[in-house]
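Top to bottom, those sequences are chains A and B. Using this note's numbering, read the first sequence as starting at 1 and increasing by one per residue. Using this note's numbering, read the second sequence as starting at 439 and increasing by one per residue. C-beta: ideal position from N, C-alpha, C; glycine also. Take a look at the structure set out below.
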Amino acid sequence: MRKIGFPQEMLVVQKANKKSVVLYDFDRRRFIEINYQAFLIMDIVNTEGSDEKLLSLISDEDAKQKIQDIIEQAKTSEWLVNVDRPSLYYFKEMRITPELELIQWELTNQCNLRCIHCYNESCETNDTLELSTDEVKKIIDQADEIGVWQFDLTGGEIFMRSDIMEILKYLHEKHFAVRIATNGTLIDDEIIVQLEQLKIRAYTTSLDGGSSKTNDFFRGANGAFKKTYENLLKVKNSSIPIRRVNVTATTLNEHEMDAIHSMYTSQGIKYVVDNIVPSGRGEDAVKYNVSNDDLIQYKLRSYMEGNEDNYRLALVNSIGQKHQSGVTSCGVFRNRIFIMASGEYTFCPTLSGREHENFKLGDSRKTSLKQAWENAQTFINHINTDCGNLDNCKYAIICKGGCRSRAYITSGRFDGPDKVICEYMQHLEKRVLSGRVV
Amino acid sequence: MSKMEELLQLIESDDFSPEIHAVQEEALQRFDEEDVYRT
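This is how it looks when you write it as structure tokens:
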């Protein structure tokens with residue numbers, strides 16, 4: 001008889017309030033948050049292989065209907081699927097509040113490229129004393145203990161580390177959902193196969209031009225465009241989802257933006273456009289930034305690709321809704337922590353000790369992850385991390401204050417506005433609600 | 439207590455409201471992710 005159950009390789013993360021759980025499917029790289037009662041129903045079906053026994057034990061018609069609805073929804077959304085055997089899912093428990101869900105980690109400042117806008121000044125001669133393999137594993141163990149379930153790895157270039165595959169294997173053994181950001185020049189077919197086996201959740205890369213000429217000048221290495229793009233297409237043909245390609249819009253590549261748009265959309269690859277942040281080598285490179293108006297047009301075009309309905313829905317749903325204080329657009333200050341290549345805990349790549357002494361949350365060689373997260377709360381509780389205009393802004397429920405880093409860097413205030421996103425939202429509303437296709 | 443017993447107890451508690459509330463939220467969450475705001 002055909003059975004139903006959870007996807008075979010699945011992680012269950014119980015939230016700290018024990019009232020809801022996150023399910024993460026390693027094969028399909030997707031997650032969902034459901035309440036505990038729904039999970040319990042699905043878990044019983046997973047164990048039994050069907051809903052027959054469960055439904056036969058329920059006499060209350062109302063309860064039976066609710067259970068049938070949940071099972072039907074779970075089947076439709078493919079969280080209960082046809083299986084040969086029950087899923088022996090992995091289990092984690094979030095043990096601290098506020099819950100720390102994600103660690104973003106700059107594993108190294110070593111990089112084979114020398115991008116002129118690099119915010120952490122990565123290059124082959126960067127002498128940051130990075131964490132050893134054992135030190136990295138120790139942090140991973142600490143993360144596992146308190147219920148973190150996601151990692152985003154970045155650099156520098158993570159494949160400059162000779163132990164990167166060992167680190168990725170360790171993360172997989174500990175059942176973390178791992179996304180990687182790489183310049184894509186140091187990987188090959190064999191590594192891509194290994195990344196598939198490790199069920200890497202998503203792949204992000206960066207290209208700052210539509211040709212070798214513009215990209216390689218910007219990235220400081222001849223041949224970078226060819227390798228990055230070739231490997232991007234190889235990853236596209238693998239089981240690893242591409243999260244996005246980061247594109248910096250500059251006066252040097254502006255004439256290629258149409259070509260860049262076609263380059264990705266023709267392949268079904270998502271790309272995002274941004275400007276240079278005046279941090280690290282970016283301080284000297286901001287002279288190449290395009291105007292905010294131009295940047296917004298490029299952003300609109302990239303985000304709109306296939307997303308018009310989502311935007312329209314979000315805007316319509318936002319009417320009359322009030323933004324919840326403390327909820328930020330990317331999760332900074334809320335559910336994530338960043339580790340610099342030096343091992344220092346901080347908030348995000350550009351809200352770090354590089355920007356302000358107060359953003360230092362502890363040296364991971366001396367401070368536990370739990371303690372660093374507590375240090376973060378002490379800081380957060382003493383400042384207003386929201387955009388100061390949230391209560392009066394009709395876009396607040398969508399923009400959530402935009403990028404708090406960009407707001408801080410450009411205004412010098414924690415509650416300052418992210419002017420790029422303020423303008424972006426106005427343009428977005430005009431375009432979406434007028435029904436124009438960008 | 440088995441999972442089945444736990445469920446039966448919840449049903450009797452008058453607080454039985456199982457929800458897969460995030461099926462749609464998952465799509466919105468993707469929309470919300472930091473992509474739009476990347477620095």
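Review point. Given that Ile70 (chain A) touches chain B, what residues does it touch there, using C-beta distances under 7 Å?
Key: Those within 7 Å of Ile70 (chain A) in chain B are Pro456, Ile458.
Review point. Would you say Ala376 (chain A) reaches chain B, if we count a Cβ-Cβ gap shorter than 8 Å as a contact?
Key: Not one chain B Cβ lies under 8 Å of Ala376 (chain A).
Practice item. Jot down the residue ranges of each uninterrupted alpha helix (DSSP H) in the stretch 384 to 423 of chain A, minimum 4 residues, whole runs only, in chain order. Key: Listed in chain order, the complete alpha helix (DSSP H) runs (minimum 4 residues) inside the stretch 384 to 423 of chain A are 396 to 399, 404 to 411.
Practice item. Give every residue of the same chain whose Cβ lies closer than 8 Å to the Cβ of Arg95 (chain A), excluding the five residues on either side of it in the sequence, and list them in chain order. Key: For Arg95 (chain A), where only same-chain residues beyond five positions count, the Cβ hits under 8 Å are Ala16, Glu145, Ile146, Gly147.
Check your understanding: Given Thr367 (chain A), which residues of its chain have a CB within under 7 Å of its CB, disregarding the five upstream and five downstream residues?
Key -> Tyr345, listed in sequence order.
Point to revise | chain A contact for Met442 (chain B) (CB, 8 Å cutoff) | key: Chain A contact via Cβ: present.
Review point. Which same chain residues, not among the five before or five after Phe379 (chain A), have their C-beta less than 7 Å away from its C-beta?
Key: Counting only Cβ-Cβ distances below 7 Å, and skipping sequence neighbours, we find Asn358.
Review point. Hey, quick one: how far does the alpha helix (DSSP H) through Gln267 (chain A) stretch, first residue to last?
Key: Gln267 (chain A) -> no alpha helix (DSSP H), and no H or E assigned at all.
Check your understanding: Do Arg404 (chain A) and Val277 (chain A) have their C-beta atoms within less than 8 Å of each other?
Key -> Not a contact, by the Cβ cut-off of 8 Å.
**Study point:** For Tyr119 (chain A), the three-state DSSP class (helix, strand or coil)
**Key:** It is coil, neither helix nor strand.
Exercise for review: Evaluate contact between the stretch 222 to 231 of chain A and the stretch 264 to 274 of chain A, counting only Cβ atoms and requiring at least three cross-stretch pairs below 8 Å.
Suggested key: No, they do not touch.
Check your understanding: What separation, rounded to the nearest whole angstrom, lies between the Cα atoms of Glu52 (chain A) and Tyr36 (chain A)?
Key -> Rounded to whole angstroms, Glu52 (chain A) to Tyr36 (chain A) spans 21 Å at the Cα level.
**Study point:** Sheet register partners of Phe31 (chain A) (DSSP bridge)
**Key:** A:Tyr24.
**Study point:** CB of Ser59 (chain A) within 8 Å of CB of Met10 (chain A), strictly
**Key:** Not closer than 8 Å, so no.
Review point. Would Ala221 (chain A) count as contacting chain B if we go by Cβ distances under 8 Å?
Key: Judged by the 8 Å Cβ criterion, Ala221 (chain A) is not in contact with chain B.
Check your understanding: Would Arg179 (chain A) pass as a contact of Ala143 (chain A) if the rule is Cβ separation under 8 Å?
Key -> Here Arg179 (chain A) is not near Ala143 (chain A), since their CB atoms are 8 Å or more apart.
Check your understanding: Using a Cβ-Cβ distance under 8 Å, would Asp415 (chain A) count as near chain B?
Key -> Chain B, which has no Cβ nearer than 8 Å to the Cβ of Asp415 (chain A), makes this no.
Check your understanding: Name the chain B residues that come within less than 8 Å of Asp60 (chain A), Cβ to Cβ?
Key -> For Asp60 (chain A), the chain B residues whose C-beta falls within less than 8 Å of its own C-beta are Ile449, listed in chain order.
Check your understanding: Just reading off the alpha helix (DSSP H) that Glu196 (chain A) is part of, what are its end residues?
Key -> Per DSSP, the continuous alpha helix (DSSP H) segment holding Glu196 (chain A) begins and ends at 189 to 197.
Exercise for review: May I ask you to list, following chain order, the residues of the stretch 379 to 393 of chain A that have a beta carbon less than 9 Å from some beta carbon of chain B?
Suggested key: Of all residues in the stretch 379 to 393 of chain A, none has a Cβ within less than 9 Å of some Cβ in chain B.
Practice item. Let me know the secondary structure DSSP gives Asp473 (chain B) once reduced to three states. Key: Here Asp473 (chain B) scores only 45 on pLDDT, less than 50, and its place in the model is too uncertain to base an answer on.
Point to revise | Cβ-heavy atom distance, Arg28 (chain A) to the ligand NAP, below 7 Å | key: Among the components modelled here there is no ligand, and therefore nothing to report on the ligand NAP.
Review point. Listed in chain order, which residues of the stretch 16 to 41 of chain A have Cβ atoms closer than 8 Å to some Cβ of chain B?
Key: When CB distances to chain B are screened at a threshold of 8 Å, the residues of the stretch 16 to 41 of chain A falling below it are Arg30, Phe31, Ile32, Glu33, Ile34, Asn35, Gln37, Ala38, Leu40, Ile41, in chain order.
Check your understanding: Got a sec: which bits of the stretch 255 to 289 of chain A sit with their beta carbon under 8 Å from any beta carbon on chain B, in order along the chain?
Key -> Listed in sequence order: Lys270, Val272, Asp274, Val277.
Check your understanding: At which residues does the beta strand (DSSP E) containing Asp152 (chain A) begin and terminate?
Key -> Taken as a continuous stretch (DSSP letters only), the beta strand (DSSP E) holding Asp152 (chain A) covers 150 to 154.
Exercise for review: Pick helix, strand or coil for Val178 (chain A), following the three-state DSSP scheme.
Suggested key: Strand at Val178 (chain A).
Review point. Hey, is the stretch 108 to 116 of chain A in contact with the stretch 173 to 189 of chain A, meaning 3+ C-beta pairs nearer than 8 Å?
Key: Taking a contact to require three or more Cβ pairs closer than 8 Å, the stretch 108 to 116 of chain A and the stretch 173 to 189 of chain A qualify as touching.
Review point. By Cβ distance, which residues of its chain are closer than 7 Å to Ser77 (chain A), with the 5 residues on each side in sequence left out?
Key: The answer is none, since no qualifying residue turns up.
Point to revise | Contained alpha helix (DSSP H) runs [length at least 4] in the stretch 57 to 119 of chain A, N- to C-terminal order | key: Whole alpha helix (DSSP H) segments, 4+ residues: 61 to 76.
Check your understanding: Looking only at C-alpha atoms, which of A:Gly320, A:Asn307, A:Ala177 sits nearest to Phe441 (chain A)?
Key -> Since the first and last residues shown for chain A are 1 and 438, residue 441 (chain A) lies out of range.
Exercise for review: Closer than 6 Å by C-beta to Leu153 (chain A): which residues in its own chain qualify, once you throw out the five before and the five after it? Chain order, please.
Suggested key: Excluding residues up to 5 positions away in sequence, Trp105, Leu107, Ile180 lie with their Cβ nearer than 6 Å to the Cβ of Leu153 (chain A) in the same chain.
Review point. Under three-state DSSP, which class holds Phe454 (chain B)?
Key: In the three-state reduction of the DSSP assignment, Phe454 (chain B) falls in the coil class, being assigned neither a helical nor a strand state.
Point to revise | Cβ separation of Leu54 (chain A) and Ile70 (chain A), assumed to be a contact under 8 Å, to the nearest whole Å | key: Contact between Leu54 (chain A) and Ile70 (chain A) is absent: CB atoms are separated by about 11 Å, not below the 8 Å threshold.
Review point. Under three-state DSSP, which class holds Leu351 (chain A)?
Key: In the structure shown, Leu351 (chain A) sits in a strand (DSSP, three-state: E or B).
Exercise for review: Confirm, please, whether the CB-CB distance from Pro98 (chain A) to Arg334 (chain A) is below 8 Å.
Suggested key: Yes, the Cβ-Cβ distance between Arg334 (chain A) and Pro98 (chain A) is below 8 Å.
Practice item. Verify the CB distance criterion: does Gln73 (chain A) have a CB-CB separation below 8 Å to chain B? Key: So, interface residue.
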